[in-house]
Amino acid sequence: MKQKRIQKLTTSLLAVLLLMGAIPYNASAADDDLNTAKQQADQLREKKDQVDQQLQSTLADIHKLEAEIQAAMHKSNDLKQQITVTEAKLAEQKERLKGRVKTMYEGGDVSFWSVLLDATNFSDFLDRMSLLTMIVEQDNNIVNEYKATQAQLKQQQVDLTSEQDLRQSKQQDLLKVEADLQSRYHDISQQIAVKDEEIADLEAAGVAAYQSYTDGMQAGTIIPQTGTGTFAWPVPTSHTINSGYGPRSGEFHKGIDIGAPVGTPIVAVGDGTVWQAGTASGFGHWIVILHDNGVMSVYGHMYSNGVYVSAGQRVKQGQVIGATGSDGESSGPHLHFAIANGVSGGRMSYINPMGYLQ
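To convert, take the position in the sequence shown, counting from 1, and add 506; that gives the working numbering.
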């Protein structure tokens with residue numbers, strides 16, 4: 507299934523890029539699709555990281571709540587014990603109150619004043635007065651204590667219920683948040699997997715299309731565009747041409763030599779893909795860029811440390827790709843620059859580069 511998808515992409519790319527061999531290779535459209543897919547994947551990964559951070563924060567809150575729940579459970583147990591003690595105390599007070607009422611009932615309806623008037627003398631009167639006052643105070647204390655204990659019991663029950671409700675509400679809220687974040691994390695992970703597969707397919711299709719193009723160039727079936735004069739000058743700081751394109755001392759010079767001190771920056775004359783970067787016979791070290799308009803630019807005589815790019819790398823016009831040197835068959839520091847508009851019989855078809863340079 508995946509192989510069919512790659513073949514379909516390759517066919518589409520070739521149809522667009524080559525158009526039956528009449529239109530030169532143009533990697534920029536394919537690269538735009540690939541770069542867009544990579545940017546989308548990066549955005550998804552950023553979103554995934556954000557969700558993951560939120561998820562970790564929520565899980566931390568859940569763990570914290572679980573600790574609070576444990577503490578609340580201990581508190582609930584303490585409250586239950588307090589309620590048990592309070593209930594026992596209330597029962598005891600209730601029994602005392604009942605006993606007091608029963609005593610009063612069984613003793614008959616004896617008024618406060620009749621008890622005092624039955625005193626035999628003033629001393630007895632004072633004793634009776636003191637006793638009655640003590641009894642009334644005790645009765646009032648029993649009633650007040652009973653009421654206070656009842657109120658305390660009700661408040662403890664309210665506190666326990668409120669604590670339990672609050673804990674359960676928090677737990678439910680956080681569990682909902684966790685479930686939502688887990689779902690979002692899973693969805694984004696799936697989107698990233700799909701996007702990564704799309705990137706892999708685009709890269710595979712791009713490699714296949716590029717290979718088909720280079721094979722076509724070597725077979726001589728693809729004809730690049732002619733010069734437009736839109737390429738940048740390869741050595742921005744030097745326009746000195748030591749040797750031009752054409753016949754030279756019994757040989758044909760297939761490019762131009764631009765004089766410049768060793769280490770002078772060399773730039774890509776146009777957008778394209780690095781086809782070759784490394785050693786080359788006669789040039790010492792060279793760089794060959796396959797441009798989006800189908801022609802190739804050649805840069806020669808760099809030292810090994812003067813090659814800044816690698817094969818397969820995309821470069822932009824004006825991007826520094828190397829530095830001038832005097833490697834290979836060279837009489838002094840310079841850049842050999844050339845343009846090839848195709849490949850014939852396995853050899854590059856060089857043309858005058860001046861028609862392409864600004």
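We put the beta carbon where it would ideally sit given N, CA and C, even for glycine.
### Query
Helix, strand or coil for H692 per DSSP?
helix
### Query
Which two residues bound the contiguous beta strand (DSSP E) that contains A817?
Note, A817: premise wrong, no beta strand (DSSP E); not H, not E.
### Query
Cα separation between D567 and E598?
45 Å
### Query
If you count every other CB in all the chains shown that lies within 10 Å of the CB of L585, and 16 or more means buried, which is it?
Buried: at least 16 other Cβ atoms inside 10 Å.
### Query
Is DSSP giving H580 helix, strand or coil here?
H580: helix per DSSP, three-state reduction.
### Query
Among all the DSSP beta bridges, which residues are the ones paired with Y805?
I793, F843
#### Entry: Beta carbon of A789 nearer than 9 Å to that of E757
Correcting the residue type first, residue 789 is Phe in the shown sequence and not Ala. Going by C-beta atoms, F789 is not nearer than 9 Å to E757.
### Task
Report yes or no: do the region 784-802 and the region 750-766 share at least 3 C-beta pairs separated by less than 8 Å?
no
### Task
Figure out for me which residue from G824, Q588, R673 has the closest Cα to the Cα of F737.
G824
#### Entry: For A786: DSSP bridge partner residues
G790
#### Entry: Cβ contact (3+ pairs, closer than 8 Å) linking the region 812-832 and the region 770-779
yes
### Query
With 16 other CB atoms within 10 Å as the buried threshold, where does R853 fall?
exposed
#### Entry: W781 vs V794 beta-carbon contact at 9 Å
yes
### Query
Ordered along the chain, which non-local residues of its own chain (more than five positions away) have a Cβ less than 7 Å from that of Q864?
G735, T736, F737, A738, W739
### Task
Look at the Cβ atom of I698, then the Cβ atom of A547, and state whether they are nearer than 9 Å.
Yes, these two residues count as a Cβ contact at 9 Å.
### Task
Assign E757 to one of three DSSP states: helix, strand, or coil.
strand
### Message
Once DSSP output is grouped into helix, strand and coil, what is the label at A685?
### Response
Three-state DSSP puts A685 in a helix.
### Task
Tell me whether A657 is buried or exposed, calling it buried when 16 or more other Cβ atoms sit within 10 Å of its Cβ.
exposed
### Host beta strand (DSSP E) of A829 (start-end)
826-829 is the extent of the beta strand (DSSP E) around A829.
### Message
Measuring straight from C-alpha to C-alpha, what distance separates N583 and E601?
### Response
Those two C-alpha atoms are separated by around 27 Å.
### Task
Find out if the Cβ-Cβ distance for the pair Q578, R673 is shorter than 9 Å.
The sequence given here places Ala at residue 578; Gln does not occur at that position. The answer is yes: Cβ separation under 9 Å.
### Query
Out of V804, P859, S668, which has the shortest C-alpha to C-alpha gap to I792?
What sits at residue 792 in the sequence shown is Trp, not Ile. The shortest Cα separation from W792 among V804, P859, S668 belongs to V804.
### Message
K682 and E574 - do their beta-carbons sit closer together than 9 Å?
### Response
Going by C-beta atoms, E574 is not nearer than 9 Å to K682.
### Task
Out of V815, E651, H842, state which residue places its alpha-carbon closest to the alpha-carbon of T746.
H842
### Task
Can you grab the Cα-Cα spacing for the pair R690 / L550, in whole Å?
About 11 Å.
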